[in-house]
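> Quick one: the structure is below, questions incoming.
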Amino acid sequence: MLEIKDLQATIEGQDKQILNGLSLTVRPGEVHAIMGPNGSGKSTLAYVLSGRDGYEVTGGSATLDGEDLLELEPEERAAAGLFLAMQYPVEIPGVSNMYFLRQAMNSIRKARGEEEISAGAFMKLVKERAALLGVGGELLKRDVNRGFSGGEKKRNEILQMAMLQPRICILDETDSGLDIDALRTVADGVNAMRSPDRGFLIITHYQRLLDYIVPDHVHVLAKGRIQTSGDRSLALELEEKGYGGVLGAEFAEVAA
Amino acid sequence: MATALETVREYTGGEYKYGFVTDIEADIAPKGLSEDVIRLISAKKQDPDWLTEMRLAAYKRWQTMTEPTWQKVDYEPIDYQAISYYAAPKIKERPKSLDEIDPEIRRTYEKLGIPIKEQEILAGVAVDYVFDSVSVATTFRKKLHELGIIFCSISEAIQDHPELVRKYLGSVVPAGDNFFAALNAAVFTDGSFVYIPKGVRCPMELSTYFRINEKGTGQFERTLIIADEGSYVSYLEGCTAPQRDENQLHAAVVELIALDDAEIKYSTVQNWYPGDSEGKGGIYNFVTKRGACRGKNSKISWTQVETGSAITWKYPSCILQGDNSVGEFYSVAVTNNRQQADTGTKMIHIGKNTRSRIVAKGISAGTSDSTYRGLVKVLKSAEGARNYTQCDSMLIGDKCGAHTVPYIEVRNRSAKCEHEATTSKISDDQLFYCRQRGISEEDAVALIVNGFCREVMDELPMEFAVEARKLLAISLEHSVG
Ligand SMILES: Nc1ncnc2c1ncn2[C@@H]1O[C@H](COP(=O)(O)OP(=O)(O)OP(=O)(O)O)[C@@H](O)[C@H]1O
Ligand SMILES: [Mg+2]
Chain A
1 MLEIKDLQAT IEGQDKQILN GLSLTVRPGE VHAIMGPNGS GKSTLAYVLS
51 GRDGYEVTGG SATLDGEDLL ELEPEERAAA GLFLAMQYPV EIPGVSNMYF
101 LRQAMNSIRK ARGEEEISAG AFMKLVKERA ALLGVGGELL KRDVNRGFSG
151 GEKKRNEILQ MAMLQPRICI LDETDSGLDI DALRTVADGV NAMRSPDRGF
201 LIITHYQRLL DYIVPDHVHV LAKGRIQTSG DRSLALELEE KGYGGVLGAE
251 FAEVAA
Chain B
257 MATALETVRE YTGGEYKYGF VTDIEADIAP KGLSEDVIRL ISAKKQDPDW
307 LTEMRLAAYK RWQTMTEPTW QKVDYEPIDY QAISYYAAPK IKERPKSLDE
357 IDPEIRRTYE KLGIPIKEQE ILAGVAVDYV FDSVSVATTF RKKLHELGII
407 FCSISEAIQD HPELVRKYLG SVVPAGDNFF AALNAAVFTD GSFVYIPKGV
457 RCPMELSTYF RINEKGTGQF ERTLIIADEG SYVSYLEGCT APQRDENQLH
507 AAVVELIALD DAEIKYSTVQ NWYPGDSEGK GGIYNFVTKR GACRGKNSKI
557 SWTQVETGSA ITWKYPSCIL QGDNSVGEFY SVAVTNNRQQ ADTGTKMIHI
607 GKNTRSRIVA KGISAGTSDS TYRGLVKVLK SAEGARNYTQ CDSMLIGDKC
657 GAHTVPYIEV RNRSAKCEHE ATTSKISDDQ LFYCRQRGIS EEDAVALIVN
707 GFCREVMDEL PMEFAVEARK LLAISLEHSV G
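Residue numbers (my numbering), protein chains in the order written: chain A, 1 to 256; chain B, 257 to 737.
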């Protein structure tokens with residue numbers, strides 16, 4: 001359903017290519033993990049797919065269920081079912097987490113021509129899902145991400161994902177900053193959402209997450225393209241040998 | 257109010273929603289200002305002699321005064337002789353019951369989303385409807401009357417309760433206070449009057465809805481609210497005007513008086529026509545609002561959401577005379593396109609242990625300009641006075657301006673004044689975050705701005721808060737992108 005072909009992108013106003021002909025296909029029901037050195041373009045991929053300003057696509061294509069993603073506004077991509085759990089979730093002072101969630105849900109429903117969710121049904125749903133993800137009632141009432149700890153922010157991203165029920169979920173380092181128990185809870189949350197018609201793209205630095213969320217495919221992204229792909233064992237191999245060991249010496253330090 | 261506003265918003269999409277004109281025959285005074293015109297207004301209103309004298313004295317005073325120039329707003333000079341100072345829909349007599357109201361006027365308020373009837377959704381709100389220069393209806397009078405509460409147009413109050421009006425009118429804002437207050441004192445035609453007797457807690461919100469309709473006129477309303485000992489009232493004010501190329505002057509005066517242990521909560525959602533995106537037309541809103549906490553432990557709280565008008569010049573203030581009295585000012589001022597707002601408050605601490613709190617949020621978009629101007633003055637007598645001031649500005653785009661001008665004068669060493677100010681922008685990250693969750697850019701701006709204003713919005717009565725939130729969204733449409 002998510003089909004990325006030869007995607008090339010630069011930072012707006014700069015010549016340097018960050019994505020260098022990246023291709024990747026996620027079929028319904030699949031979980032793909034993307035690993036790669038710092039600065040290799042993982043977040044850039046997530047942002048380009050979700051339509052953040054500041055990037056210029058200079059070649060290639062990305063479609064979701066056949067629809068050209070790159071033509072759509074970010075909110076239209078969200079309505080089409082694309083969700084990005086961000087590496088650095090943003091604070092919105094004065095807006096309660098609950099209110100934000102409800103507005104997001106209703107915006108997406110509206111864009112799809114569906115009825116708004118009633119206040120009662122929403123409350124019930126949010127309480128249920130929040131409890132599963134260990135997000136306390138107090139956190140729901142607080143301003144969006146404001147003063148949340150790193151781990152609380154990440155759980156909150158997954159709560160939003162659970163509420164919006166997207167087609168394709170992109171998780172950008174959701175595991176970073178989570179304590180061991182939280183990692184489990186979040187992974188359980190993601191696993192609960194795995195379904196034959198939903199795909200996942202999970203960006204991570206740590207193979208441990210993949211103990212909990214077992215991926216169908218593992219890709220190594222470096223220098224703006226997928227350098228090698230494999231199954232779960234690739235993650236273990238990376239852990240052992242490092243990027244240099246798996247990809248060759250020129251990838252040992254590719255932060256630039 | 258809320259539901260109707262939603263409908264209004266839906267069918268007009270985007271631009272100013274209340275810009276229509278009602279076709280109704282009006283009784284209009286000849287243009288210009290002179291003693292004769294004032295006598296004419298006075299005669300139309302069947303003023304008692306003392307009031308005619310008061311008007312004429314104010315007019316004399318006004319002639320010696322000049323328009324203030326210290327505020328940070330620019331506008332073409334106003335030609336005071338080109339304005340008509342009295343316009344009233346032609347109705348032979350004030351309708352005795354709500355059923356007798358002219359259908360055109362009734363339709364106007366229906367279109368504005370506040371039908372004239374004692375309806376269920378507004379069951380908790382009594383409304384006085386002011387159309388151009390006169391009050392056309394007041395709801396729930398009987399119910400209020402049973403409690404001894406007087407809620408009527410000021411014209412009626414002058415006829416029916418002259419002793420109260422005479423005692424308090426001009427006692428907080430004297431005619432010589434400033435240029436616009438003097439003009440108002442000379443020509444005011446209507447407005448609302450409220451008296452809450454001793455120990456009574458007014459069981460419903462009292463509200464006035466002001467509508468300018470006639471062109472070439474100004475609106476000069478006068479509001480007087482008296483909360484007697486131990487009483488409480490919450491009062492709301494809303495306003496709109498048709499969309500016109502010309503600028504129209506609105507110079508109102510509002511006086512509040514709180515006696516011992518009394519509390520007045522005054523909320524405004526100001527949505528006068530702001531002019532078009534090029535800055536043509538719009539209301540000049542030059543308003544003097546002031547409350548006197550005369551009694552001990554009294555409290556006056558101003559909350560305003562200012563989204564309309566081409567120019568807003570307005571400083572709702574509190575004179576804290578009574579010991580332990582409290583003054584509050586919560587403000588949101590939004591300017592877009594070419595609007596200009598110079599607004600703030602004055603807190604004058606006179607009594608012992610008086611406290612004041614100021615929370616002002618300014619949002620500027622387009623090429624607009626907004627200024628917070630505030631004065632906190634602690635007199636020698638104000639032992640133990642406290643003030644807290646917080647001014648936050650938010651800029652949308654890079655062609656607008658926000659300015660904060662706080663004046664603090666402290667004459668008593670035991671006083672404590674705190675001042676905090678911030679300036680922020682809506683970040684691209686915030687916008688993207690919202691949009692990634694499916695919220696459109698415009699809704700995202702509205703959401704973030706509403707969040708920024710929350711402390712103020714929380715002060716508004718429920719029915720009004722919903723309306724105000726939507727108004728903010730509408731005012732900021734097309735402000736990004
Ligand atoms: N706005 C920007 N301006 C300049 N360079 C940028 C910008 N955004 C990203 N880059 C550069 O693009 C490259 C890829 O960054 P990206 O954030 O996609 O890496 P990443 O793989 O997510 O790294 P990490 O593992 O550290 O999160 C980096 O070299 C980064 O410095
Ligand atoms: Mg990254």
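We treat Cβ as the ideally placed atom computed from N, Cα and C, and that holds for glycine.
In this text, all values refer to a predicted model and were calculated from it rather than measured experimentally.
Can you find a CB in chain B that lies within less than 8 angstroms of the CB of V90(A)?
Judged by the 8 angstroms Cβ criterion, V90(A) is in contact with chain B.
> I need the DSSP call for M86(A), collapsed to helix, strand or coil.
Of the three classes helix, strand and coil, the one that applies to M86(A) here is coil, per DSSP.
> Within the 8 angstroms Cβ cut-off, does R52(A) reach chain E?
This model lacks chain E altogether, as its protein chains are A and B.
> Taking only the alpha-carbon atoms, compute the straight-line gap between T559(B) and I575(B) and give it to the nearest angstrom.
In a straight line, the C-alpha of T559(B) is about 16 angstroms away from that of I575(B).
> Residues bridged to K5(A) by DSSP?
Its beta-bridge partners are S61(A).
> Whole angstroms are fine: how far does the CA of G622(B) sit from the CA of I730(B)?
Their Cα atoms are separated by approximately 14 angstroms.
> Which residue from K316(B), S490(B), F435(B), G288(B) puts its Cα closest to that of K717(B)?
Looking at the sequence shown, residue 717(B) is not Lys but Pro. The option with the nearest alpha carbon to P717(B) is S490(B).
> From this set, D684(B), A314(B), G600(B), Q686(B), which residue's C-alpha is nearest Y571(B)'s C-alpha?
Among D684(B), A314(B), G600(B), Q686(B), the Cα nearest to that of Y571(B) is on G600(B).
> Determine, for S696(B), whether the minimum Cβ-Cβ distance to residues of chain A falls below 8 angstroms.
It does; some Cβ of chain A falls within 8 angstroms.
> Examine ligand 2 and report whether any of its heavy atoms sits within less than 7 angstroms of the Cβ of Q87(A).
Yes; taking the cut-off as 7 angstroms, the Cβ of Q87(A) has a heavy atom of ligand 2 nearer than that.
> Run through the region 402–437 of chain B for me and flag every whole alpha helix (DSSP H) of 4 or more residues, listed as ranges in chain order.
Those alpha helix (DSSP H) runs which fall completely within the region 402–437 of chain B and span 4+ residues are 410–416, 418–424.
> If I follow the unbroken alpha helix (DSSP H) through W306(B), where does it start and stop?
Here the alpha helix (DSSP H) through W306(B) covers 305–319.
> Would you check if there are 3 or more beta carbon pairs closer than 8 angstroms linking the region 610–617 of chain B to the region 582–599 of chain B?
The region 610–617 of chain B, when compared against the region 582–599 of chain B, does touch it at the 8 angstroms Cβ threshold.
> Any C-beta of chain A sitting closer than 8 angstroms to the C-beta of L727(B)?
No, L727(B) lies away from the interface with chain A (no Cβ there is under 8 angstroms from its Cβ).
> What ranges does the alpha helix (DSSP H) occupy inside the region 25–63 of chain A, keeping only unbroken runs of at least 4 residues that lie completely in it?
With a minimum length of 4 residues, the continuous alpha helix (DSSP H) runs that stay inside the region 25–63 of chain A are 42–50.
> Can a CB atom of chain B be found closer than 8 angstroms to the CB of V254(A)?
Its pLDDT being 47, under 50, V254(A) is placed unreliably in this model, and the value from its coordinates should be taken loosely. So no, V254(A) is outside the interface.
> Our contact map puts S118(A) next to D699(B) with C-beta atoms below 8 angstroms; I'd like the distance itself, whole angstroms only.
Their Cβ separation, rounded to whole angstroms, is 19 angstroms, which puts S118(A) and D699(B) out of contact at 8 angstroms.
> Quick check: is any heavy atom of ligand 2 less than 7 angstroms from the C-beta of K154(A)?
Answer for K154(A): no, Cβ out of range of ligand 2.
> For chain B, is any of its Cβ atoms less than 8 angstroms away from the one on G13(A)?
No, G13(A) does not count as interfacial toward chain B.
> Quick one, which of F436(B), D384(B), R363(B), Y424(B) has its alpha-carbon nearest R317(B)'s?
That would be F436(B), whose Cα lies nearest to the Cα of R317(B).
> Should Q526(B) go down as buried or exposed, given a rule of 16 or more other Cβ atoms within 10 Å for buried?
Looking at its Cβ environment, which holds 16 or more other Cβ atoms inside 10 Å, Q526(B) is buried.
> Taking a Cβ distance cut-off of 8 angstroms, strictly less, list which residues of the region 701–721 of chain B are near chain A, in chain order.
Listed in sequence order: L703, I704, N706, G707, F708, C709, R710, E711.
> Does the beta-carbon of S107(A), which I'm using as the reference point, lie nearer than 7 angstroms to any heavy atom of ligand 2?
Checking every heavy atom of ligand 2 against the Cβ of S107(A), none is found closer than 7 angstroms.
> Could you please give me the residues that DSSP links to N246(B) through a beta bridge?
Only positions 257 to 737 of chain B appear in this structure, which leaves residue 246(B) out of reach.
> Please report whether the beta-carbon of A121(A) lies at a distance below 8 angstroms from any beta-carbon of chain B.
With 8 angstroms as the cut-off, A121(A) does not count as an interface residue toward chain B.
> Does the pairing of the region 94–104 of chain A with the region 36–47 of chain A give three or more beta-carbon distances under 8 angstroms?
Not touching, per the Cβ criterion.
> Select from V429(B), T544(B), D598(B), A413(B) the residue whose C-alpha is nearest the C-alpha of A658(B).
Checking every option, the nearest Cα to that of A658(B) belongs to D598(B).
> Using a Cβ cut-off of 7 angstroms, which residues of the region 317–348 of chain B contact any Cβ in chain A, in chain order?
Those would be none; no residue qualifies.
> Check distances from the C-beta atoms of the region 139–164 of chain A to those of chain B and list, in chain order, the residues that come in under 9 angstroms.
If the cut-off is 9 angstroms between Cβ atoms, the region 139–164 of chain A has D143, V144, N145, Q160, L164 near chain B.
> Can you tell me where the alpha helix (DSSP H) with C690(B) in it begins and where it stops?
Unbroken alpha helix (DSSP H) run through C690(B): 684–692.
> Is H217(A) closer than 8 angstroms to E30(A) when the C-beta atoms are compared?
In contact: E30(A) and H217(A) (Cβ atoms closer than 8 angstroms).
> Which residues, taken in chain order from the region 675–692 of chain B, show a beta carbon closer than 8 angstroms to some beta carbon of chain A?
The region 675–692 of chain B vs chain A, Cβ under 8 angstroms: S683, D684, D685, Q686, F688, Y689, C690, R691, Q692.
> To which residues of the same chain is Q17(A) closer than 8 angstroms at the C-beta, ignoring the five residues directly before and after it?
The residues are Q8, A9, T10, T58, G224.
> Consider the C-beta atom of N38(A) and the heavy atoms of ligand 1; say whether any pair is separated by less than 7 angstroms.
Indeed, a heavy atom of ligand 1 lies less than 7 angstroms from the Cβ.
> Does DSSP put I92(A) in a helix, a strand or coil?
Correct three-state label for I92(A): strand.
> In the DSSP assignment, what residue or residues form a beta bridge with Q646(B)?
Paired residues: V615(B), E676(B).
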